[in-house]
Structure formats: structure tokens, C-alpha cells
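Each position in the sequence shown, counted from 1, maps to that position plus 568 in the working numbering.
Glycine included, every Cβ here is placed at the ideal spot set by N, Cα and C.
A quick note: this is a predicted structure, and the numbers were derived from the prediction, not measured.
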Amino acid sequence: MFKINENFLKLPGSYLFSTIGKKVTAFKEQNPEKKIISLGIGDVTQPLAPAIIETLHGAVDDMSNAETFKGYAPDLGYEFLRTTIAQNDYKDHGCDISADEIFVSDGAKCDSGNIQEIFSQENKIAVCDPVYPVYVDSNVMAGRTGIYDTKSEVWSNVIYMPCTAENNFAPQLPKETPDIIYLCFPNNPTGATVNKAQLQEWVDYANKVGAVIIYDAAYEAYISEEDVPHSIYECDGARTCAIELRSFSKNAGFTGVRLGFTVIPKELKAGDVSLHSLWARRHGTKYNGAPYIVQKAGTAVYSEAGKAQLKEQVAYYMNNAKLVYDGLKSAGYTVSGGVNAPYIWLQTPNKMKSWDFFDYLLENANVVGTPGSGFGPSGEGYFRLTAFGSYENTVEAMNRIKAL
Ligand SMILES: *Cc1c(COP(=O)(O)O)cnc(C)c1O
569 MFKINENFLK LPGSYLFSTI GKKVTAFKEQ NPEKKIISLG IGDVTQPLAP
619 AIIETLHGAV DDMSNAETFK GYAPDLGYEF LRTTIAQNDY KDHGCDISAD
669 EIFVSDGAKC DSGNIQEIFS QENKIAVCDP VYPVYVDSNV MAGRTGIYDT
719 KSEVWSNVIY MPCTAENNFA PQLPKETPDI IYLCFPNNPT GATVNKAQLQ
769 EWVDYANKVG AVIIYDAAYE AYISEEDVPH SIYECDGART CAIELRSFSK
819 NAGFTGVRLG FTVIPKELKA GDVSLHSLWA RRHGTKYNGA PYIVQKAGTA
869 VYSEAGKAQL KEQVAYYMNN AKLVYDGLKS AGYTVSGGVN APYIWLQTPN
919 KMKSWDFFDY LLENANVVGT PGSGFGPSGE GYFRLTAFGS YENTVEAMNR
969 IKAL
């Protein structure tokens, strides 16, 4: 008789967004006259930029004609996109990454979940706390995380790196040596980031202990400060220890279109086995490529018109971020994030529990956010608001919070 992968049974229910949904629905039923504003979403709301739409239309037309029709895309992505990415995201920023080190995919969530497949089950992972849940859950499914303690909400075989106000939301090098280190900067959920010297420390550490860094740079486009690295390959030695994940979701609104990529430098090796060749094999076996029309649309992100339009789109969200940040500050909250990321991270007043603050905000301001504790035990006492709402709703939400 067949047996299931019992690791799935170890996963605690992911109640975060469903609990939020239920609470909001219940509140609406009891208060049908109240207009609820959500600053809880981690999804973009602005439409695709005109340059992208135009290129998409052109690519759709290509599919209507036998001469220009495309079937299966190359496993690793079309050359036209990989070359454009290598030039614009890396070479133009002084990073030594070539087109054949880029693996195009349908997004960074899949890649961040799938990448662990090329590593032994014996590897021990280190994650920031709070954290984007995919890194941990995908390792749970692979049987790498040990036993879950429901009380402390931690896995016995995971190294947690607390990111709190005490360390400016930047993880410290762990005491116990990990094999795989997940880093995400600018960070979801805290909106925090690290400067180049801090990231260099991680690269040096990984090279020293023989660990690999999986670097999630999904929010790279939101960086506004000078000294914040856009890619881990800006650091010396990253080619021998780091994998980078990128996404078109947050910089270009592709959350529903689906496009991302993973960078694996050829020097990244375990003994004499290159991770590049393992991932190429895995990609080739299990993935048939991101759609032609989507990869074409991806090139528009790098066109002159596309760049200008997306700069405006990011600025629109970052203006919201500033409104939220400044609004909370003036209302007396302790706030961080929002400068290099579309997330604002606040401390709940009077050490309120994250969920109590959720209820308080919903009931008194009719504003929905995300409890920090939903991202990990060190998120308790914190709360996340996002900049992905409309300008009008963001202004209104802040007026209500300030009036509390
Ligand atoms: C949104 C997000 C992504 C992007 O995922 P896609 O699958 O490309 O949409 C990746 N990592 C983090 C931390 C995110 O918040």
C-alpha cells in the first residue's frame, strides 16, 4: 500500500492569512456600514505598465503565426531574456554574472521552495526570525527540520536568527554552524535591510564555514539608500557561496503573470560538484520553461520606456510607504522599514500581543494589517503594514490610525 510523505503531517497549519480573513469577514458581518481598508496584503495593486502590455500583445501575435510561433521554451530560459538580465541586473552594476548562470523560472516562491532539493537531507538550515514562511516549510516537507514544538513554535533542527529592534532587524552570525543560510534583503516582513559591509560579513562567513547562502532579492527594486547592496554578487567571494533569487513580481507587478530567476555561479561547488549543473539537471527534468509571452514581457521591464514606467510605479508604492511610516511616527509608534522596502514594521503599543493589536486596529480604525507573530516567534509584539494599497486608502487609513 502506498505511503505518504509524512513530513507534510508535521507542518503546523498555516493559519495566518485564513485567520485574518475569518476575522475580517466576521467584523464585516457585524458592522456592514464600516469601510475596511487592508494594508495587510503582500500583493501589488497597480496594473502592468504600458510598455509591458505592449510587448505582451506583440508576443501574443507572434503565437498566431507559424513563422513566429513558439512551443516549449528552452529549459533554462530564452537567451534574449537571460542576456538582458545579465547585462542590466548584473554587469551594469559591476557584478560578474553571465547569461548562462541565470535560470529563468515562473517565480521566486517556487525557486525558493525547490532549491533545497539539490541539497542533502542532512543539511542544517538557518533562517531569520521573523521570516518568509516558504524557506522553512519547504525544508519541513523535505524532512530537514526535526520536531516542531507547538509551545515555542520552533523546529528542533533549524537555526533561528532573531531579527528584532535590539539588533536593528539584522541577523547576527549564528553560534551553531549552519549548512544553508537563507537571507532576504530588503526583508519581508520587517522591511529592514543590511549595508554592503554587513552582507560582506555573511559572504566571508559562508566561505569560511563552507555554507551556502540562498539570497532572496525580491525587493531589490525598492532600495533607495546608497550603501544597500542590490545583489549579493556585489560582495567579494559571493560566487563561491551564494545563490540569488529574483522575481518580477514586486518590481514590475508580475504576481499574476509569473516570472523570476535564480542565479547560480559556476564556481559554487560542493567538492568538485557544481551546484549549477545540479540545478540545470533538476530544472531540465522537472520544468518546461516559463511561457514565451511572459519572457518577452520580461524584456520590456528592461527597455527604456519600461524602466521609466516601473520607476514611477515603485515610487507610487514608496510614497505610500512614507505616508505610513511618517503617519505612524507622528502617532507615537516605534516604526522601522519602509525606506528600502514596501513594508512597514511597527512595535505594538504597550507590548500588546500582535493579534490583540490586530483586533484593536480592525475594531477601532477598521484597518487590516498582519500580526508579526505570524512570521515567527520573534515577530511577537510587532505588526506589518504594507505600501501596496492605493494612495487614497493609505491616506485614509493613516488618518484613522492617527485619530485613535
Ligand atoms: C513576494 C515575494 C517573493 C516573490 O515571489 P514570486 O513567486 O516571484 O511572486 C519572493 N520572496 C519573498 C520574500 C516575497 O515576499
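Contact check, residue i vs residue j, beta carbons under 9 Å
i, j, result
"N682", "I693", "no"
"F687", "V780", "yes"
"N755", "A889", "no"
"I912", "Y893", "yes"
"T916", "G942", "no"
"K864", "L624", "yes"
"C809", "L846", "no"
"S799", "I665", "yes"
"V672", "G866", "yes"
"D697", "G947", "yes"
"I675", "R952", "Looking at the sequence shown, residue 675 is not Ile but Gly. Their beta carbons are not under 9 Å apart, which means G675 does not touch R952 by this criterion."
beta-carbon residue i near ligand 1 non-hydrogen atom, thresh 8 Å
i, result
"D664", "no"
"T823", "yes"
"R952", "no"
"D894", "no"
"G645", "no"
"Y783", "no"
"C731", "no"
"A676", "yes"
"V702", "yes"
"N707", "no"
"C752", "yes"
"Y787", "yes"
Contacts around residue i, its chain only, beta-carbon distance under 8 Å, and the 5 residues preceding and following it disregarded
i, result
"M631", "F637, K638, Y860 and I861"
"I969", "G895, L896, A899, L929, A933 and V935"
"Q689", "A710, G711 and R712"
"S582", "P701 and D705"
Contacts around residue i, its chain only, beta-carbon distance under 6 Å, and the 5 residues preceding and following it disregarded
i, result
"A820", "V869 and L878"
"Y750", "V695, Y703 and I782"
"T962", "N888 and L891"
"H901", "According to the sequence as given, residue 901 is Tyr; it is not His. Counting only Cβ-Cβ distances below 6 Å, and skipping sequence neighbours, we find L914."
"I650", "The question names Ile, but residue 650 is Arg in the sequence shown. Within the same chain, R650 has close Cβ partners A667 and I670."
Whole-Å CB distance - residue i paired with residue j, under 8 Å assumed
i, j, result
"M709", "N573", "7 Å"
"L813", "S680", "6 Å"
"V831", "I670", "6 Å"
"D747", "N656", "Their Cβ separation, rounded to whole angstroms, is 32 Å, which puts D747 and N656 out of contact at 8 Å."
Same chain, Cβ closer than 7 Å to residue i, five either side skipped, listed in chain order
i, result
"Y640", "N856 and G857"
"A738", "C731, A760, V762 and Q766"
Notebook entry, point to check: Where in the stretch 895–937 do unbroken runs of the alpha helix (DSSP H), each at least 4 residues long, occur, reported from the N-terminal end onward?
Noted result: 922–933
Next item on the list: Can you check the stretch 732–787 for any beta strand (DSSP E) of at least 3 residues that lies completely inside it and give the ranges in chain order?
Entry: 748–752 and 780–784
Next item on the list: Return the chain-ordered ranges of every alpha helix (DSSP H) run that is complete within the stretch 824–910 and spans a minimum of 4 residues.
Entry: 843–854, 860–868 and 872–898
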